[in-house]
Amino acid sequence: MTGRERPERPVLVYDGDCGFCTSSVRFLERYVPVRATVVAFQFADLDALGTTAERAEYEVLWIDRAGRVSGGAEAVGRLLTAAGGPWKALGVAIRIAPVSWLAHGVYRLVAANRHRMPGGTAACMLPAAQRPGARD
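Heads up, the sequence shown is in the numbering used here, so the first residue is 4 and it goes up one at a time.
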C-alpha cells in the first residue's frame, strides 16, 4: 500500500518483539479463524495503515477495511467479531458497556505487565527503540 489506502482485508498489528504478544497472536491464528492480515508493527507500513509506531508499541491495533484504526481491547473485540461463529458474541460483548470498561481495564493491566506473562521477557518492558537488537 502507498499513501493512505484502504486495506483489502482487515489488518491486525502487534508487537513482534514481545514474546507474550507473539504467543497471543499465534494462539489467535491457531484457534480463532482470523480473517485478517497479521503483521508485527516492526514490519508494517504504519503510515499507509494510518497509525504510528508509538501507538503500535502501546497496544494491539485492528485496522478494518474502511481504514478505521481501533486499539487495545476494542481491537480484540473487533477481531473476534470479524471471526464470526461463537467468537462474534464474545467480540460484541467486549465492545459494549459495561463489559467494555472491564475489558479495557484488563487489557491495560495485561499490557503493563506483559513482561511478567508467560512468553514475556524483560525486553517487553522497554520501548521498542531500547530493546536489544532494535531496528532503526
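Think of the CB as a built atom: it goes at the ideal place given N, C-alpha and C, for glycine as much as any other residue.
For alanine 39, there is no enclosing alpha helix (DSSP H), as DSSP marks it with neither H nor E. By DSSP's assignment, valine 72 forms a beta bridge with Ile66. CA-CA distance, arginine 58 to leucine 49, rounds to 10 Å. Linking alanine 51 to arginine 71 through their CA atoms gives a straight-line distance of about 12 Å.
Per the Cβ contact rule, the region 110-121 is in contact with the region 20-40 (3 or more Cβ pairs under 8 Å).
Residue pairing by DSSP puts leucine 15 in a beta bridge opposite Val41, Trp65. A direct Cα-to-Cα measurement between histidine 107 and alanine 76 gives close to 5 Å. By the 16-neighbour rule on beta-carbons within 10 angstroms, tryptophan 65 is buried. The region 28-45 makes contact with the region 11-20, as at least three CB pairs between them are under 8 Å.
With contacts defined by Cβ atoms closer than 8 Å, alanine 86 and arginine 38 form a contacting pair. The beta carbon of alanine 69 sits closer than 6 Å to none of the beta carbons in its chain outside the five residues before and after it. Comparing alpha carbon positions, the residue from Leu15, Leu105, Thr55 closest to leucine 83 is Leu15. Across the set Arg111, Gly80, Leu112, the C-alpha of Gly80 shows the shortest separation from the C-alpha of aspartate 67.
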